[in-house]
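With the numbering used here, you'll find the sequence shown wraps up at 332, consecutive numbering, no jumps.
C-beta atoms are modelled at their ideal positions from N, C-alpha and C, and glycine is treated no differently.
One structure below.
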Amino acid sequence: MAQNRVVIIRWAGTLLALILLLLLLREEKWDDILLAVKQVSPLQFLLALALMLVSRLFVVGRWHVLMRSGGVDISIKDSAALTFTGLFASNFLPTTVGGDLARLAGAMQLGFDRAICLASLVADRLVGMFGMILALPFGLGPLMKSLALVSYKAMALPPLFQKIIEFARRTLSAFSIWLKKPAALLLSLIFTLGNMAFIFAAIYVLTSGLGKDVSYWLIAGLWSLTYFVTLVPVSINGYGVQEFSLTYLLAKLGGLDHSQSITVAVLIRLLFILASVPGAAYLPSILSAMDRNQEADKL
Numbered sequence: 034m035a036q037n038r039v040v041i042i043r044w045a046g047t048l049l050a051l052i053l054l055l056l057l058l059r060e061e062k063w064d065d066i067l068l069a070v071k072q073v074s075p076l077q078f079l080l081a082l083a084l085m086l087v088s089r090l091f092v093v094g095r096w097h098v099l100m101r102s103g104g105v106d107i108s109i110k111d112s113a114a115l116t117f118t119g120l121f122a123s124n125f126l127p128t129t130v131g132g133d134l135a136r137l138a139g140a141m142q143l144g145f146d147r148a149i150c151l152a153s154l155v156a157d158r159l160v161g162m163f164g165m166i167l168a169l170p171f172g173l174g175p176l177m178k179s180l181a182l183v184s185y186k187a188m189a190l191p192p193l194f195q196k197i198i199e200f201a202r203r204t205l206s207a208f209s210i211w212l213k214k215p216a217a218l219l220l221s222l223i224f225t226l227g228n229m230a231f232i233f234a235a236i237y238v239l240t241s242g243l244g245k246d247v248s249y250w251l252i253a254g255l256w257s258l259t260y261f262v263t264l265v266p267v268s269i270n271g272y273g274v275q276e277f278s279l280t281y282l283l284a285k286l287g288g289l290d291h292s293q294s295i296t297v298a299v300l301i302r303l304l305f306i307l308a309s310v311p312g313a314a315y316l317p318s319i320l321s322a323m324d325r326n327q328e329a330d331k332l
């Protein structure tokens, strides 16, 4: 019952965010949006896609380091296959198969320890989150200035912070494996920073293609703000919420008009989807393994 309620809430949140985005689109002239899309040349789009693909390789490296340091003898090829499968599942099968669940199922299919694999996925998320926290000040400062807030306390969301603290407390025991291995944590953080750097570069290429000189560091801050907004579990894989948030921030703080902001937000989502396509090759076997495991559990 509780799980069904969460699914309903996320569907409702996704639909609400998409409706808000459509209303925003409705206020804009479609000619302006098409003009903004045409301003990004095919070469610039391909460059942004290449940067996004490189960022995905850093995600592969981050999880691979955590798995190996946790005692899992996984090859870099298998780490890459499972990571891209998870990325693909997140983008194309958000209602039934989460990306982390797909990675976990694939790792178990390869015969690796379930507990360690699950803990590595938690660690992977936390390291990624910590990396985004490092970029947060570059966006939080301009946002607070724009909203004329007096202090950081004005933006505090106690219930949300309490949930984050509770999540950290529950996952600390799983994360403790890597707390004893600071070198592996540091290396995984380096991979996280590499992933972030190439995502920011992809956004920078798109904004430059639109003729806007937005600071790379401001882009880093705005994307980190968008990232943390999408962590609030009110939509499926951040659909709608990510696009609406990034559109607002680019227009409010980046100096882009709404048509340009919407264009960048939609193109970034498209780049993430395209960069995850290689995972499609491995998804069928993982789904089959998950079905077999479910049937075995019933028996």
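Between residue i and residue j, is the Cβ-Cβ spacing less than 8 Å?
i	j	result
Gly20	Phe117	This structure leaves residue 20 out entirely; the chain is present only between 34 and 332.
Leu84	Phe305	no
Phe163	Ala253	no
Ala81	Ala235	yes
Asn124	Ser278	no
Leu316	Ala135	yes
Leu115	Gly131	no
Leu99	Asp133	no
Val274	Val262	yes
Trp211	Ser321	no
Tyr260	Met165	yes
Taking the alpha-carbon positions, what's the residue i to residue j distance?
i	j	result
Gln293	Arg95	33 Å
Ser257	Ser108	31 Å
Lys214	Gly119	25 Å
Ala187	Ala156	Residue placement at Ala187 is poorly supported in this model, since its pLDDT is 44, which falls under 50; the coordinates are not used for a value here.
Ile319	Asp290	43 Å
Thr280	Ala168	19 Å
Tyr249	Met229	12 Å
Val73	Gly288	17 Å
Lys110	Arg147	19 Å
Leu282	Lys245	14 Å
Leu307	Leu76	16 Å
Leu220	Leu68	43 Å
Ala314	Arg302	21 Å
Leu31	Leu173	Beyond the ends of the chain as shown, which are 34 and 332, falls residue 31; an answer cannot be given.
Leu218	Phe224	10 Å
Ala284	Met141	45 Å
Ala152	His97	13 Å
Tyr185	Leu143	Note that Tyr185 has pLDDT 44, beneath the 50 cutoff, so the model's placement of it is unreliable and no number is given.
Leu137	Glu276	28 Å
Thr179	Ile149	According to the sequence as given, residue 179 is Ser; it is not Thr. Those two C-alpha atoms are separated by around 44 Å.
Phe78	Ala122	23 Å
Lys71	Leu222	37 Å
Leu190	Ala216	Only weak support exists for where Leu190 lies, its pLDDT of 46 falling under 50; the value from the coordinates is given anyway. Using only the alpha carbons, I get a separation of about 34 Å.
For the alpha helix (DSSP H) that residue i lies in, which residues bound it at each end?
i	result
Ile223	Pro215 to Gly242
Ala313	It is not in any alpha helix (DSSP H) - Ala313 carries neither H nor E in the DSSP assignment.
Tyr260	Tyr249 to Leu264
Ser123	Ile109 to Phe125
Val155	Arg147 to Ala168
Lys245	That residue, Lys245, is in no alpha helix (DSSP H); it is neither H nor E in DSSP.
Leu94	According to the sequence shown, residue 94 is Gly rather than Leu. Pro75 to Ser102 is the span of the alpha helix (DSSP H), which, as asked, contains Gly94.
Gly139	Gly132 to Gln142
Tyr272	Element bounds for Tyr272: n/a, residue is neither H nor E.
Could you give the C-beta distance for residue i and residue j, rounded to a whole number, given that I count them as a contact under 8 Å?
i	j	result
Leu255	Leu286	6 Å
Val105	Phe145	5 Å
Leu251	Pro175	7 Å
Cβ of residue i versus every heavy atom of the ligand HEM: is any distance shorter than 7 Å?
i	result
Ala314	The ligand HEM is not part of this structure, which contains no ligands at all.
Inspect the CB distances between the segment 285 to 299 and the segment 237 to 244 and report whether three or more fall short of 8 Å.
-> yes
Counting Cβ pairs, one atom from each stretch, are 3 or more of them under 8 Å apart for the segment 153 to 168 and the segment 87 to 104?
-> yes
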